[in-house]
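In this note's numbering, the protein residues as written are 12 to 109.
Glycine included, each C-beta is placed from N, C-alpha and C at the ideal position.
Single-structure report; data block below.
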Ligand code: FES
């Protein structure tokens, strides 16, 4: 469980730990996305980065990640995806499936 929809407003991110995984969950236009929270470049925590639309910018060296699928959008070198997780909503509560 991530929390109530009201805890995660439009354009906001939240960091959770579940099943031993570090995950960042974001609300983009009322749709909730969940991807790995650890940048595969040098391990920065992505929830401390900057979210602009579907782009999540890593706080350390600026890699841009797609919050909708965990894939790399931009970086000078190729990086492995951070992974993504399905989300669901039940009775106003947001869930991530691990
Ligand atoms: S740790 Fe994310 S770009 Fe370097």
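Distance from the CA atom of residue 35 to the CA atom of residue 101, rounded to whole angstroms, is 19 Å. Between the beta-carbon of residue 25 and that of residue 78 there is about 12 Å, and that puts the pair past the 8 Å contact cut. In chain order, 95 place their CB closer than 6 Å to the CB of residue 80, counting only its own chain and leaving out the 5 sequence neighbours on each side. Look at residue 67 here: in three-state DSSP terms it is strand. With a cutoff of 7 Å, residue 55 counts as near the ligand FES, since its C-beta is closer than that to a heavy atom of the ligand. By the Cβ-count criterion, residue 51 is buried, with 16 or more other Cβ atoms from all chains shown falling within 10 Å of its own Cβ.
In the three-state scheme derived from DSSP, where H, G and I count as helix and E and B as strand, residue 18 is classed as helix.
Its Cα nearest to that of residue 67, the residue 82 stands out among 82, 53, 54. Taking the CA atoms as reference points, residue 16 sits about 10 Å from residue 106. Rounded to whole angstroms, the separation of the alpha carbons of residue 92 and residue 109 is 16 Å.
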